[in-house]
Amino acid sequence: MMRITGNGRGRIGAVAVAAALAVLASGCEEAEKAVNKGGDTPCNEFVAQDKDKQRVTVTKFLEQERNGNAPATNDQTVDASIAAIELMCRAQANPDTPIRKADLTGILVPK
Numbered sequence: 579m580m581r582i583t584g585n586g587r588g589r590i591g592a593v594a595v596a597a598a599l600a601v602l603a604s605g606c607e608e609a610e611k612a613v614n615k616g617g618d619t620p621c622n623e624f625v626a627q628d629k630d631k632q633r634v635t636v637t638k639f640l641e642q643e644r645n646g647n648a649p650a651t652n653d654q655t656v657d658a659s660i661a662a663i664e665l666m667c668r669a670q671a672n673p674d675t676p677i678r679k680a681d682l683t684g685i686l687v688p689k
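Following this note's numbering, the residues of the sequence shown are numbered contiguously, the last one being 689.
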């Protein structure tokens, strides 16, 4: 438990800790995106991910597919892609199939 002293050092310390946690949280997301496999993520890994990690995976996958040639992804595109990939992965006989095999052409990724 933090004690707030009359000179305000406790309050400054609390603000510093909160700021450090915010930086770490945003850094973790960037680190996750950097090591995330994107479209090479196998279906069995994708369906085991929580919703936040699936969002990072699909966003990276869509960025890989775009190669800078298509408009930036938006929340609706990512949400629809997650649904399509989950459907494809759950129907796959081979759990090692990479999510890039999901047929999103013409639906979510411009031809």
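Idealized CB from N, CA, C, for every residue including glycine.
- Rounded to whole angstroms, the Cβ separation of T635 and T619 is 5 Å, and the two are in contact under 8 Å.
- Taking a 10 Å sphere around the C-beta of L640, we find 16 or more other C-beta atoms and assign the residue as buried.
- Counting C-beta atoms within 10 angstroms of its own C-beta, K638 has 16 or more neighbours from the protein chains shown and is therefore classed as buried.
- Distances from the CA of A671 to each of N622, D628, A658, A662 were compared; the closest alpha carbon is that of N622.
- Under DSSP, P676 shares a beta bridge with P620.
- Taking C-beta separations shorter than 7 Å and ignoring five residues to either side along the sequence, the partners of E664 in its chain run V625, following chain order.
- Distance between R678 and A662, taken at the CA atoms: about 11 Å.
- DSSP, read as helix, strand or coil, puts Q670 in coil.
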